[in-house]
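S.K.: Below is one structure. I have some questions about it.
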Amino acid sequence: MNGVLFDLDGVIADTSVFHFKAWRKLIQDHFKQDLPPELESQTKGVSRQDSLTAILNYLQITVSQADFANLCNEKNTYYRKLLTDLTSADILPGISELINQLKKHHFKLALASASLNGPLILDKLSLSNSFDAIADPQQVTLGKPAPDIFLAAASAINVKVTDCIGIEDSIAGIQAINSAGAFSIGIGSQAELSQAKFIVPNTAELTFAKMVTAYQNN
Numbered sequence: 091m092n093g094v095l096f097d098l099d100g101v102i103a104d105t106s107v108f109h110f111k112a113w114r115k116l117i118q119d120h121f122k123q124d125l126p127p128e129l130e131s132q133t134k135g136v137s138r139q140d141s142l143t144a145i146l147n148y149l150q151i152t153v154s155q156a157d158f159a160n161l162c163n164e165k166n167t168y169y170r171k172l173l174t175d176l177t178s179a180d181i182l183p184g185i186s187e188l189i190n191q192l193k194k195h196h197f198k199l200a201l202a203s204a205s206l207n208g209p210l211i212l213d214k215l216s217l218s219n220s221f222d223a224i225a226d227p228q229q230v231t232l233g234k235p236a237p238d239i240f241l242a243a244a245s246a247i248n249v250k251v252t253d254c255i256g257i258e259d260s261i262a263g264i265q266a267i268n269s270a271g272a273f274s275i276g277i278g279s280q281a282e283l284s285q286a287k288f289i290v291p292n293t294a295e296l297t298f299a300k301m302v303t304a305y306q307n308n
């Protein structure tokens, strides 16, 4: 175990709620329809493009390629406005201590998020200096559940992916970690994340000691 690959939304900070709020505004503004809460899970942990595809498929709406791109950009504008007041106080419980312990023990850390706003969010959370690399989702071929972003993150810190732990809160993310060959840790319910090698119910339960023990036992 030499590297840890972090998802962002729901793992480091709970920005997923901002994503869905932005999607709801976009769809209401353009199509005068409401998005049901259960659709949020289909937009969790995946790229902006895949999220919009899932939403449009659910609503049975077809748009041109140009309109699709414009909708993605407009949603991102809404989302970035919602991030204006984000600070280090919004880091999820236990994550700051976990990162500090990992750095203290000389682990390499990389961000493996589908979010194009990863650098901005880490900066607002005052965590930019804690990460050795940020995988660029625009430079990978396939989004989660494909392993590409985790493979890119491991490569960026020059650590074999099989010597890494990946931390996720979505089923698509867990599948991506497993496909990449890293050790998967899920944050959430056992029912939803049953494919993870180790699961904790929330970030406060994910300690450095538990992480190391789970990896060694595996």
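Using the working numbering, you'd call the opening residue of the sequence shown number 91 and step up by one each time. We put the CB at the ideal spot given by N, CA and C, even for glycine. Treat the numbers as computed from the prediction; the structure is a model and nothing was measured.
I need the straight-line Cα distance from A236 to T252, nearest angstrom please.
M.R.: 16 Å
S.K.: Give me, in chain order, the residues of the same chain whose beta-carbon lies closer than 7 Å to that of F110; leave out the 5 immediate sequence neighbours on both sides.
M.R.: If we look at F110 and ignore the five residues flanking it on each side, its Cβ neighbours are E130, T133.
S.K.: Relative to the C-alpha of F121, which candidate in F298, D222, Y148, A243 has its C-alpha closest?
M.R.: Y148
S.K.: Taking the alpha carbon of V136 as the reference point, which residue from T152, F197, S260, N190 has its own alpha carbon closest?
M.R.: S260
S.K.: Report the rounded CA-to-CA distance for L210 versus D180, giving the unit in angstroms.
M.R.: C-alpha separation (whole angstroms): 14 Å.
S.K.: How would you label Q265, buried or exposed, when you count the other beta carbons within 10 angstroms and need 16 or more for buried?
M.R.: By the Cβ-count criterion, Q265 is buried, with 16 or more other Cβ atoms from all chains shown falling within 10 Å of its own Cβ.
S.K.: Out of curiosity, what's the CA-to-CA distance linking F197 and V94?
M.R.: 7 Å
S.K.: At 4 residues or longer, and completely inside the segment 140-189: list those alpha helix (DSSP H) runs for me, N to C.
M.R.: 155-172
S.K.: Thinking C-beta only, is F273 closer than 8 Å to K287?
M.R.: yes
S.K.: Classify P183: buried if its beta carbon has 16 or more other beta carbons within 10 angstroms, exposed otherwise.
M.R.: By the 10 Å Cβ count, P183 comes out exposed.
S.K.: For L95, which residues does DSSP report across the bridge?
M.R.: A200, G256
S.K.: If we call anything under 8 Å between Cβ atoms a contact, is L199 one with F96?
M.R.: yes
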